[in-house]
Structure formats: structure tokens, C-alpha cells
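Chains as they are written, first to last, in my numbering: chain G, 76 to 421; chain A, 76 to 421; chain F, 76 to 421; chain C, 76 to 421.
Next comes the structure, spelled out in C-alpha cells:
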């Protein structure tokens with residue numbers, strides 16, 4: 076049994092880590108931290124996690140935690156995570172960071188978008204971006220995983236085959252995303268209160284959302300050119316799920332068959348990406364609670380545009396599920412372990 | 076008091092016509108039709124319309140209805156409407172058609188997208204597309220209004236100032252729309268049943284939705300070029316509202332100030348279009364139950380793209396409210412009559 | 076035009092007062108207060124109230140406000156309201172208090188349930204409980220209205236005819252209520268955040284909710300006996316609406332016809348109570364946005380129990396609509412003025 | 076591996092059987108039937124069940140199915156199930172019937188409430204009511220399980236300890252239940268369409284719901300007296316979950332401690348019933364996707380009434396989960412097998 080510690084376990088991604096890891100046969104959660112819930116048992120904070128009643132939240136004292144785990148999951152706020160990651164990593168622990176602190180390889184870009192400097196640039200260089208569909212080999216050898224953001228996961232998986240195969244004009248990509256409200260975290264804030272969100276729908280952070288440089292970094296690496304994208308997130312009145320609709324002009328005329336073949340080819344061995352039959356489109360409801368990314372394809376021949384629609388559960392493939400997938404890969408555990416639950420429908 | 080008849084009054088748009096017209100001081104509803112609800116009083120079909128308990132649904136017998144009104148609202152299925160519109164129009168009645176049958180000026184385009192021929196081409200030529208923000212003068216003199224589709228209303232109002240002022244590259248426009256479920260009509264269908272829609276979100280009719288040619292027709296007229304657009308509708312788990320996110324590459328660099336001035340200038344006298352302060356974005360919840368179209372603007376300077384977000388209530392500005400607005404204009408009634416209710420929030 | 080001031084205008088009931096009074100032909104809102112939103116215009120706080128953009132929130136300075144209105148609506152927190160009510164009332168103003176501070180006639184009961192003493196007992200004696208269906212005559216002559224709580228409104232209207240006619244055993248009444256989330260007010264609190272409420276349902280304040288003594292006070296007055304009830308509120312994942320299911324054992328066997336006759340008789344002239352046909356039950360959706368209380372009846376002959384189901388919009392008949400109804404009565408305005416809007420469905 | 080057949084696998088309970096049994100290590104699904112979906116693979120009907128893509132729906136041909144399983148789950152409509160159950164049972168198969176056809180021990184009561192005679196009375200006598208918390212020993216030896224209704228499960232588990240211990244007056248029990256919309260089944264019906272249910276809430280079948288005699292049968296057996304109850308179901312705008320609020324007058328004064336002790340004592344060894352700390356109440360959201368029944372207790376000392384609130388997932392403990400629990404018991408498999416998933420929250 077591999078001992079793991081969850082730092083920051085009282086938010087929604089922390090709750091999902093607890094839920095998923097509770098069902099993992101090869102690991103044991105030895106500690107879970109929360110500053111504001113310190114002293115409470117897990118079910119006092121998350122009544123649905125009655126099975127974790129033996130776990131009591133404790134404040135994050137890095138030195139005390141050090142010897143209690145081989146793997147540290149960090150679900151801390153951006154900024155806060157920098158130092159904790161560096162500490163555990165420097166002590167030869169395996170670290171999976173769910174914050175954005177180690178995702179942007181260029182510390183200047185990080186500072187520009189997050190408004191604070193990166194204080195651990197040499198550790199940053201050791202981080203591997205935890206999208207197994209691109210970086211599985213590097214993840215196997217890594218000790219520090221920067222777990223991808225929820226929006227980037229859906230966007231990059233939608234475009235990866237098209238970019239790798241130079242199907243589309245990379246300079247005119249539109250990424251229109253719609254996220255369930257759990258993406259905003261578990262917090263007391265009027266903007267996410269029930270009556271403000273329910274029966275509503277809006278765009279936010281138009282052109283300024285912090286996941287933009289993360290998407291651009293990975294897409295640029297895939298196509299070998301420095302590109303910028305139009306990325307707009309919207310807030311959906313549902314608990315979970317991100318649907319991303321991507322528009323990319325085709326470079327030249329290609330048949331539907333070609334496109335399908337390319338997508339199928341790249342994803343057929345992926346345990347958590349499912350390319351739907353051409354003409355079928357994903358629904359966030361069908362991936363709810365799972366680590367699956369569903370991909371739907373449409374070649375709009377009237378405009379010669381490739382339209383890709385992807386759906387993920389933002390808390391699973393978009394956060395904690397992918398974090399466990401990364402741990403499985405890193406620790407040599409079968410990749411699907413604890414991640415093979417079916418979606419709950421309806 | 077102007078006598079009006081509502082043909083097709085048991086669907087959601089019919090219900091909204093009844094609701095709005097019940098509060099209209101200048102009109103009297105003399106008949107309402109429904110084949111399947113014939114013989115029932117309105118509140119038996121719509122318990123919330125208790126005030127309409129004096130009205131009993133009757134089958135649509137055109138000859139019998141003819142003398143009972145000056146204005147005929149038709150909220151019939153596409154295809155079915157063709158003949159009824161032609162009949163009332165040919166008898167010198169004022170007709171407002173909420174179906175798509177008289178929206179597309181080219182009967183070949185109609186046949187291509189709706190799969191049936193248009194049998195009344197000379198009447199079709201007399202129809203005015205009922206978007207007052209473009210055609211108010213013609214609506215005043217018209218006797219046949221083709222009331223716009225819900226998606227086209229939000230899309231066209233979002234792009235009108237940009238196209239009129241040649242701000243954007245008209246050949247690369249992306250229109251990503253999200254509609255509440257009432258847009259699917261009032262019907263017994265598994266695809267709109269509660270448990271299938273709730274907590275879900277999906278794209279549908281990607282690249283093939285019938286509102287596409289309607290949007291293209293009006294945008295082409297606005298910019299003077301025959302254009303095609305990428306239009307994708309999505310199904311939102313809410314009752315009402317359409318949010319449309321539009322991406323259009325700027326032709327050349329323009330300042331935010333210029334863009335705001337252009338939008339404000341065109342819409343400042345419009346009673347039902349509200350351009351939000353730059354940086355603010357609409358929420359369907361804020362227009363629920365109203366005839367307002369809210370418009371939010373963003374110049375993404377990183378990609379030199381204009382992003383416009385519009386919100387309407389699909390059943391009001393997107394259907395029955397706009398129909399009443401058209402009637403007001405056509406009949407010389409103050410345009411806002413019966414349409415000045417505030418949104419219900421939350 | 077009667078000048079009115081709204082004290083506490085940034086919560087949901089305040090927003091509803093603004094919405095309803097904006098459409099009232101006989102009144103003018105001269106000021107609206109809010110401590111935390113002071114200096115902001117109304118649409119900055121409630122974007123849907125664009126029509127109120129001339130109104131700017133100001134702090135509640137009683138002396139300054141005094142000369143600006145004849146009628147003062149107070150939508151302040153319980154406890155805070157005591158003093159403000161007393162001030163305006165003592166200055167000969169008309170006061171409609173939406174808090175609970177002047178509802179309980181016995182100051183000891185008030186102190187027991189609200190945990191603070193009542194400091195203005197002589198003013199308290201002058202307050203009239205603002206349920207027009209019971210106290211219309213007294214409201215006409217009153218200058219201080221204690222506007223009923225949302226749960227008591229639905230519960231009392233459901234039982235009034237049964238108690239007045241001694242149909243039921245008053246000592247075994249069960250009142251099971253389900254309220255939309257707007258009943259919890261507009262506030263940043265984890266317990267009302269979207270992801271906590273959505274797809275959930277729970278009871279709260281079981282046997283201890285503060286509306287209990289208010290219900291008991293009025294029911295006791297109706298039946299002439301001091302009674303206690305079992306009252307349980309539940310939190311519904313909807314914005315608006317309270318459905319109350321009431322169980323009361325019949326004293327003796329009575330026919331369905333008798334019961335219907337009694338309810339119809341008492342409510343037939345009431346503008347805002349609608350007794351449904353026997354066997355039909357209300358749905359909160361059908362009264363959304365209206366000042367209507369719908370009442371459904373069932374005589375369970377197997378158990379000889381009268382079951383009454385009532386539905387109101389908690390923010391309208393349960394708060395701000397009823398407050399305006401009370402103002403209309405008090406000021407000699409036609410009772411339905413500004414309150415005759417139809418429900419928004421769907 | 077035990078071969079099982081699911082008869083009626085295209086509804087929500089059928090889908091849940093497929094989901095749960097797919098994760099069961101000791102069983103193999105050898106066939107699944109559906110008349111209207113015959114010929115389709117499971118994922119064509121339930122896209123979330125991609126793992127079941129090897130299964131194709133077939134029409135229900137009893138003779139053909141007979142040799143393909145040891146256990147037959149029947150999720151067929153009431154009435155239809157009678158004959159199929161009898162057939163498989165008479166052929167010495169193990170049968171778990173999710174319909175109501177074998178729940179009521181008295182065929183006259185069945186005929187009275189379901190409107191059709193029971194044609195297999197001798198088989199009916201062999202059926203065991205599948206509530207393990209009462210009948211575990213008999214289930215172990217049974218070959219025919221009448222799986223309880225969803226409402227009865229929540230109601231009976233709430234009252235069982237109180238009745239067994241003669242805490243309450245059994246002649247005045249009120250059971251007020253609120254069910255998610257999946258309880259209405261997967262069907263194309265206007266009454267369960269999204270816009271009719273969303274933002275709504277209503278009572279239905281007041282005093283006439285068919286689960287009433289089932290509840291009364293089991294409660295009568297528990298207390299040894301023939302009792303009748305007031306049972307009212309309501310329709311909740313959520314996918315899953317039933318919350319039941321039960322009011323039962325105490326026979327005599329008892330302390331909170333006594334009551335808690337009694338409930339804890341009876342349920343402490345039950346794997347799927349969780350008595351919450353006194354003063355805590357269940358939320359359907361916390362049991363979503365699980366086989367757990369949560370129980371909250373309140374002694375209302377003002378009225379000397381015991382109030383019990385229970386929450387279950389209507390599709391799991393209220394249907395398919397309990398069916399699998401019964402199969403586990405019947406087949407000698409560890410009772411929690413395939414049923415230990417944690418709730419999905421939020």
C-alpha cells in the first residue's frame with residue numbers, strides 16, 4: 076500500500092481525490108489537510124464521504140507530513156502551491172500538483188497571467204505537464220506532475236489529432252467552453268449562489284481567462300508554431316461537466332473519412348478518450364463521474380471548418396481523476412485503477 | 076380594440092402570445108386554435124393563464140376565423156403555416172407568422188433546408204422579415220411579417236453594427252449559441268424529458284441547423300456579400316433564454332472606443348436592445364420574460380478578434396414578444412405596449 | 076403620486092419591491108437604502124432592474140429619509156427592523172415591515188424565538204398582521220403592517236376555511252412546507268451555493284423554525300384555541316415558490332361537496348386566492364411571479380383526513396407582492412394595482 | 076460467474092441494473108431484453124454504458140432465455156410482470172421482480188389498487204418482500220423476491236424501529252414524500268418534459284398512490300395492527316432521490332436518548348442504513364448513486380411527535396441497488412458486493 080497525503084482536501088477537487096482514492100486498492104490515505112476545517116473529520120465537511128470518517132483534517136505542516144507519504148497530492152490555491160510543491164519535491168517525494176503553479180513552463184508567462192513571480196524556477200523545469208495522452212512516457216519517469224487545468228484538458232484533447240496532422244489553420248482557432256459550477260470551487264460567494272446561477276447562463280473572463288496561456292502553450296508545442304487562440308468560458312447551471320466546442324478552419328479539403336481515421340488512430344488505445352461515431356456529439360451527462368473525454372467530430376463542408384466537441388467531467392478528467400491517472404502511471408500501477416466507474420445517468 | 080386571432084395557441088410560443096396579448100390594452104383575442112386541444116379552455120392547457128378562461132381552443136377553420144380578426148398570429152409548425160398565411164394574407168388580413176415559412180426570400184433555399192417546396196412564392200415576396208432593428212420602416216407598411224427565428228434574432232443583433240460598419244472579416248464568423256429547452260417546443264419527446272436534459276449539455280444540429288440560412292441571408296444583406304457562417308446550437312438545462320457568443324476577426328486594428336461608439340450609436344434609440352458597458356457580459360437570467368436583447372462587447376486584442384455576446388429570452392424577443400412588437404409597429408401602436416415588463420429575477 | 080421609500084433594497088425581497096413598485100402607476104420610489112451597496116445604482120446590484128437606473132442606494136439615515144415618503148417599506152433583517160419601524164411609525168408615517176419584528180403579538184413569544192427582547196411594545200400593539208384575507212378591514216385603517224412570513228402565508232391560507240368552519244381536529248395538524256432557495260435571501264453562504272443546493276433536497280429547522288409561532292398565533296386566533304402544530308420546512312432546488320402540504324384529521328365525516336363549498340365560499344371574492352377544482356393540485360410553477368395563492372383540496376376518506384396543498388411565490392405573495400397589496404389597501408388604491416401580472420411559464 | 080438476464084433493460088431501473096451489475100465480480104449478464112429497443116446495442120440506448128457495448132437488446136422470449144441464466148431480474152411494467160415472473164419461477168429459476176406485481180400479499184388488495192386480477196396466486200404466496208432490513212433471513216432461502224417500491228423503502232425504514240418498539244400512535248401517521256423525476260420512468264410524456272418539471276414542484280396522487288397499500292401492509296405487519304396512513308408523493312425537479320418526512324405522534328413521553336438508542340440499535344449492523352447524529356437531517360444529494368438509506372430523527376417535544384426524515388436514491392436503494400442486494404443475499408454473495416460506491420458530490 077502506497078501512503079499518500081492530500082494537501083487541501085476540503086474543496087471539490089479535494090473531495091473528489093478522497094472519493095476516488097478511497098476506492099483505490101493500492102493506496103492508503105494517511106493524512107488530509109485543510110486550514111479552515113482542521114480538527115473536523117472528513118464526513119463533517121463532506122457528509123457523502125462517510126467511509127472516510129477515520130480521517131481528520133489537519134493544518135498543512137509540511138515537515139510533519141513529510142514522512143507520512145510517498146505521494147503528495149496538492150489541491151491548494153494557485154500561488155500557495157508553489158512553495159509546498161517545491162518543499163515536497165526537494166525532499167524526493169512524488170508530487171502531483173492540481174494548481175496552475177507548475178503548468179506554464181515560462182515563468183514570465185506565469186507572472187503575466189497570475190500576477191506573482193515564480194520563486195522555484197529550477198523545480199518548475201522538472202515538472203511534467205500531466206496530460207497522459209501527450210506525455211505518458213515522461214509522466215512515467217517524473218516526480219513532479221503539473222496536473223492540467225479543466226478547460227485545457229478538453230481543449231487540447233479536442234485539437235491534438237488535428238494539430239499533429241496539420242489538418243487545420245492554427246492561427247484562427249476558436250475554443251468556446253461551457254463549465255459546470257463546481258469548476259468555481261467550493262466557496263461562499265454570491266456569484267455562485269444558487270439563485271444567481273440557476274436558470275442563468277453567461278460568458279465570463281472573455282479573452283482574459285488564465286487557462287488561455289496554458290492552452291496556447293500546449294497547442295503551440297503540438298503544431299510547432301507559437302499560436303494564440305480565442306478562448307471563452309461560460310458558466311453552466313449544472314454541477315459537473317465541461318463541454319468545449321472548437322472551430323478550426325481546414326487547411327485544405329479533406330474527407331470526413333480521413334479526419335475520422337486520424338482521430339480514431341490517435342485515440343484508439345487511449346483508455347480515457349472515446350471518439351464518437353461521426354455525427355454523434357457528446358453530452359456532459361454521459362461522462363459525469365468518469366475519467367472519460369468524449370470527442371465528437373463534424374466537418375462543416377459549407378465553410379470548410381473542422382468542428383470538434385469534447386466533454387469531460389471537470390472534477391474527474393478535468394482534475395482529480397486525471398491526477399489519479401497520473402499517479403497510477405508514475406507509480407507503475409495499472410492506469411485505469413480506481414477510475415473505471417461508469418457514469419451515473421440520469 | 077383590435078381583434079386578433081392566434082392560430083396554434085397550445086405550444087410555448089402560443090402560450091406566450093396569450094400571456095403578452097392578455098395584458099395589451101389595445102387588442103382583444105377573439106379566437107385561439109389548436110387541433111389537439113380543441114374544446115378545452117386555455118387554463119386546462121396552461122393553468123398559469125387563468126385570466127384566459129373565457130377562451131376555448133377551436134380547430135383551425137380558416138373560413139370561420141376570417142371575419143373575427145384584423146390581425147392573425149400564426150404559431151403553427153413549419154410547412155403547415157404556408158397555406159394558412161397565404162389564405163389570411165390574400166383576404167387582406169394582417170398576418171404575423173412565427174414559423175419559418177416566409178423568412179427565406181429564396182424559395183430554393185427554403186426547399187433545400189426544409190425539404191418541401193414553397194407553394195406561395197408571390198405571397199413570399201410580400202413578406203417582410205420582422206426584425207424591427209433593421210426593417211422597422213418596412214414593417215410599418217407591411218401586411219405580412221415573417222417573424223425571425225430565435226437564434227437568428229440573437230445572432231443578427233450581435234453582428235449588425237459590426238457588419239454595417241465593415242469592422243470584421245465577414246468570411247470567418249463563428250456563432251456559438253446556447254438555448255433553453257423551451258426552444259424545442261412543448262411536446263412529449265424523450266429527448267426533452269427532464270432526466271435527459273437536466274444536468275446535461277450538448278451541441279446539436281452542428282453545421283446543419285435550419286436557422287443557418289436565415290442567419291446567412293440577413294448577414295449577407297447587411298454586408299453586401301454572400302457569406303456563410305459556422306453556427307452551432309447547444310441545449311441548455313434552463314427553461315428560457317439564448318446566449319450567443321460570436322467571434323469575428325477584425326478587418327484592421329480599431330480601438331475599443333470606436334467599437335463601443337458604433338454599437339451605442341446604432342442601438343441607443345432601440346427600445347429593446349441594450350448595449351452593456353464594455354467589459355460587462357449579458358446573462359440570460361437578466362432578460363428572462365422580457366423583450367430585451369442585451370449585448371456585451373470584447374475586443375480581444377491578442378487575436379484581434381471582436382467577440383460579441385448577446386442574450387435574449389427565446390420565447391419573447393426570440394418569438395412572441397417580437398411578434399407583438401411587430402404588430403405594434405404595423406398597427407401604429409406605441410412599440411413598447413405590453414412589452415415593458417421587467418425581468419423576473421431570481 | 077405617493078412617495079415611498081424602500082429600506083433594505085439590495086436583497087431579493089427588496090429587489091421584488093423595486094420590480095413591482097416600478098410598475099405601479101400611483102407611486103414614486105424616492106429612495107432606496109442599502110448599507111453595503113450604498114453609492115451603487117440599482118442596476119449595478121440588480122442588472123435586471125435597468126429601469127431603476129435613476130435610483131442610487133444610500134445608507135439608511137432615518138432622519139434624512141423621513142420627509143421623502145408617506146409610505147416606508149422595510150425589508151431589513153429581523154432585529155434591525157424594530158427600531159426603524161418604531162421611528163417612522165412614531166413620526167406618523169405609514170410603515171410596512173417585511174421583517175418578523177412586529178408579527179408576534181406577544182413580546183415574550185418574540186423573545187423566546189428570536190432571542191432578543193422587543194423594545195417597542197406599545198408600537199407592537201398597533202401593528203396589524205398583514206394577511207388581507209383575514210384582516211383586510213383592519214389593514215385599511217392601519218398605519219403599521221407586519222407583513223406575514225412566507226411559510227405562514229401558505230399555511231394559514233390553506234387552513235383558514237377549515238378552522239373557521241370547525242372542520243378539523245386542530246390539535247393534530249401537520250404542515251410540511253417546501254421552499255425555493257430565494258427564501259434564504261441573497262447572500263454569500265456555502266449552504267446556499269449552487270453545487271450544494273442543486274440536485275439536493277433536505278429538511279431544515281425541523282420543529283424549530285421561527286415561522287412556527289407565527290403560524291400557531293394566527294391558527295389559534297382562527298379556531299379560538301391555543302394550538303401547536305408540526306411545521307417542517309424543506310429546501311427546494313428552484314428559485315421561487317413554496318408548496319405547503321397540510322394534513323388535518325376531520326372532526327367528523329363530511330362530504331367532499333361540503334368542503335369544496337366552504338373553501339369556495341370563503342375565497343370566491345378574494346382577488347389573490349384561487350381554489351382549484353377538486354382533485355387538482357397546485358404547482359409552484361403556475362404561480363411564479365404572481366401574487367396568487369393556489370389551493371388544492373383532498374378529503375382522504377380512507378383516513379378521514381383533510382389534505383390541503385397550497386402554492387405561492389415566496390417573494391411575491393410570500394413577501395413583496397403581499398406588501399404592495401397591503402399598501403394598496405391601506406392607501407385606498409385598487410387592491411390589484413401592479414399585482415395583476417400573469418405567471419411566467421415555462 | 077453466475078449468469079443473469081435482465082428483462083426490461085431500457086428504462087432507468089434497467090439502466091441501473093446494467094450499471095451496477097457491470098461492476099459485479101461474480102456475475103455475468105448474458106442477455107438484456109427490450110421490445111422497443113430490440114436489435115440495438117446497450118450504448119445506443121444508454122450512451123453512458125459504453126462498457127456494455129457487447130450486449131444487444133432482444134425481445135423478451137421466455138423460452139429462449141430460460142437456459143441462459145440462473146437469476147432473472149425483471150424490470151417490466153406492472154401487470155406485464157405477473158406472467159414472466161411465474162414462468163421463470165416455475166422453471167426453478169431465481170427471480171427478482173422490480174415491478175409491484177408480487178409485493179402485495181393479498182390478491183384482492185392488488186386487484187383493488189392495480190385494477191387487474193392476480194393470475195398466479197400460488198406463486199404470489201412464495202414471494203418474499205425484498206427489504207433485507209426486515210426479511211434478510213427469508214430472502215436467503217427465497218427464490219422469488221418482490222423488490223420493494225421506492226417510496227415504501229424510504230417510509231418503512233423510517234418507521235421500522237418506532238413501530239417495533241411501540242413508540243408511536245400507529246393510527247395517525249403522516250408520510251410526506253418527495254421524489255426525483257427518474258421515479259416516473261424513462262418515457263416520452265409531456266408531464267415529465269423538462270420545461271414542465273424544471274422550477275416546478277407539486278403533489279400528485281394525493282391519497283391514491285399505489286404505493287399506499289404496500290406501505291400499509293408492511294407497517295401493519297410491523298406493529299401487529301391493521302393500519303392506514305396518509306401518504307402523499309411530490310415531484311422534485313432533480314434526477315434522483317426520495318426524501319420522506321414522517322410524522323408520528325408519540326404514545327407517551329420518551330427521551331431523545333431513548334429514541335436514538337432504539338434506532339441505532341436496530342440499524343447499527345445494517346450495511347445500508349445510516350442513522351445520522353441527532354439533529355442532523357439527510358439530503359438526497361448525499362446518497363446519490365448509493366444504496367444507502369440515511370435516517371434523521373427529531374422528537375418535537377412541543378407536540379410530542381416523532382419526526383423521521385429518510386433519504387434514498389430511488390433508482391438504487393429504491394430499486395436496482397436493492398435488487399442486487401437481494402440477489403447477493405439470495406446467492407450467498409457478500410451483501411455489499413458491487414454496492415459500495417460512494418455518492419457523487421456535488
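A virtual CB, placed ideally from N, CA and C, is assigned to each residue, including glycine.
Cβ neighbour criterion (16 or more within 10 Å) applied to residue i
i, result
"residue 216 of chain G", "exposed"
"residue 196 of chain A", "exposed"
"residue 168 of chain C", "buried"
"residue 305 of chain A", "buried"
"residue 395 of chain G", "buried"
"residue 354 of chain G", "exposed"
"residue 95 of chain C", "buried"
"residue 193 of chain F", "buried"
"residue 129 of chain A", "exposed"
"residue 262 of chain A", "exposed"
"residue 330 of chain C", "exposed"
"residue 152 of chain F", "exposed"
"residue 315 of chain A", "buried"
Limits of the alpha helix (DSSP H) - the one that residue i falls within
i, result
"residue 233 of chain C", "225–239"
"residue 399 of chain C", "396–405"
"residue 319 of chain G", "Unbroken run through residue 319 of chain G is the beta strand (DSSP E), 317–324; no alpha helix (DSSP H)."
"residue 270 of chain C", "269–272"
"residue 138 of chain G", "137–140"
"residue 93 of chain F", "87–97"
Cβ of residue i within 8 angstroms of any chain A Cβ
i, result
"residue 365 of chain C", "no"
"residue 347 of chain F", "no"
"residue 339 of chain F", "no"
"residue 185 of chain G", "no"
Residue i at chain G interface by Cβ criterion, 8 angstroms
i, result
"residue 128 of chain C", "no"
"residue 121 of chain C", "yes"
"residue 314 of chain F", "yes"
"residue 357 of chain A", "yes"
Beta-carbon proximity list for residue i, same chain, < 8 angstroms, skipping 5 on both sides
i, result
"residue 325 of chain G", "242, 243, 244, 374, 379, 380 and 381"
Neighbouring residues, chain F, relative to residue i (Cβ below 8 angstroms)
i, result
"residue 267 of chain G", "268, 269 and 270"
Amino acids of chain C, ordered along the chain, whose beta-carbon sits closer than 7 angstroms to that of residue i
i, result
"residue 263 of chain A", "263, 264, 265 and 268"
Residues near residue i in its chain [Cβ-Cβ closer than 6 angstroms; skip 5 each side]
i, result
"residue 361 of chain G", "418"
"residue 198 of chain G", "161 and 164"
Proximal residues of chain C, C-beta to C-beta of residue i below 8 angstroms
i, result
"residue 181 of chain A", "Those do not exist, as residue 181 of chain A stays about 34 angstroms from chain C at its closest Cβ, beyond 8 angstroms."
Residue-chain proximity (residue i, chain C), Cβ-Cβ < 8 angstroms
i, result
"residue 87 of chain G", "yes"
"residue 303 of chain F", "yes"
Listed by chain order, chain A residues near residue i by CB distance under 9 angstroms
i, result
"residue 256 of chain C", "268, 269, 270 and 273"
Per-residue contacts from residue i into chain F (C-beta, under 9 angstroms)
i, result
"residue 90 of chain A", "420 and 421"
Interface partners of residue i on chain C, CB under 9 angstroms
i, result
"residue 282 of chain F", "373, 374, 375, 376, 377, 378, 380 and 382"
Chain-order list of residues whose beta-carbon lies under 7 angstroms from that of residue i (same chain, five-residue window excluded)
i, result
"residue 143 of chain F", "78, 80, 105 and 106"
Limits of the unbroken beta strand (DSSP E) element including residue i
i, result
"residue 348 of chain G", "348–350"
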